[in-house]
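Trainee:
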Amino acid sequence: ADIPEGRVPNHHWSKARKNAGQGNGTVDPDLPGPTMRAEHHGNIEFHWNGKRRLSAREAARIQSFPDDFAFYPSTSAAYRQIGNAVAPVFAWHQARHMQKFLDKHLKRL
Numbered sequence: 077a078d079i080p081e082g083r084v085p086n087h088h089w090s091k092a093r094k095n096a097g098q099g100n101g102t103v104d105p106d107l108p109g110p111t112m113r114a115e116h117h118g119n120i121e122f123h124w125n126g127k128r129r130l131s132a133r134e135a136a137r138i139q140s141f142p143d144d145f146a147f148y149p150s151t152s153a154a155y156r157q158i159g160n161a162v163a164p165v166f167a168w169h170q171a172r173h174m175q176k177f178l179d180k181h182l183k184r185l
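If you're matching positions, the sequence shown starts at 77 in my numbering and goes up one per residue.
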């Protein structure tokens, strides 16, 4: 699906040159997304159309951040925050599992 415009720009054309190395692959929209790394050094995966890198908003969506989640203060900081984060949906499931475990076992005390 197309990503609506948000607080993080949708497209980044700068440094959109492919070369050998980590992070210069092309995302396949029919497969699970790649790992979003915090340190890209200009090596951000390419959109499946091959003409541009993934935007920070698209990387955030792959990591399961809601579209209205704001990243500050810059685009490079947004990529770093996304790469350092535990995916929100994964964190929710982990917390839910821990809550059920604690509820079950704390009742015994």
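Built from N, CA and C at the ideal position, the CB exists for glycine as well.
#1: Using C-beta distances below 8 Å, list every residue in its chain close to D104, excluding the 5 sequence neighbours before and after it, in chain order.
#2: Drop a sphere of 10 angstroms on the beta-carbon of A135, count the other beta-carbons inside from all chains shown, and report buried for 16 or more, exposed for fewer.
#3: Quick check on DSSP: helix, strand or coil for T151?
#4: Does the separation of the CB atoms of Q139 and A171 fall below 8 Å?
#5: Shortest alpha-carbon distance to I158 belongs to which of D179, K127, F141 and K183?
#6: So, are the CB atoms of G126 and T111 less than 8 Å apart?
#7: Going by beta carbon distance, what residues of the same chain come within less than 7 Å of F251, once the five residues before and after it are set aside?
#8: Would E121 and R128 qualify as a contact pair, given that the criterion is a beta-carbon distance under 8 Å?
#9: Measure the alpha-carbon distance for D143 versus V165 and round it to whole angstroms.
#10: Nearest-angstrom Cα distance between H87 and A167?
Mentor: Judging by the given coordinates:
#1: For D104, where only same-chain residues beyond five positions count, the Cβ hits under 8 Å are W124.
#2: Label assigned to A135: buried.
#3: Under the three-state reduction of DSSP output, T151 falls in the helix class.
#4: Cβ atoms of Q139 and A171: not closer than 8 Å.
#5: Nearest Cα to I158 within the set D179, K127, F141 and K183: F141.
#6: Contact flag unset, no.
#7: Limits of the chain in this structure are 77 at one end and 185 at the other, which puts residue 251 out of reach.
#8: Not closer than 8 Å, so no.
#9: Linking D143 to V165 through their CA atoms gives a straight-line distance of about 13 Å.
#10: Below a pLDDT of 50, predicted positions are generally treated as unreliable, and H87, at 47, falls in that range; the measurement from the model is reported next regardless. Taking the straight line from one Cα to the other gives about 28 Å.
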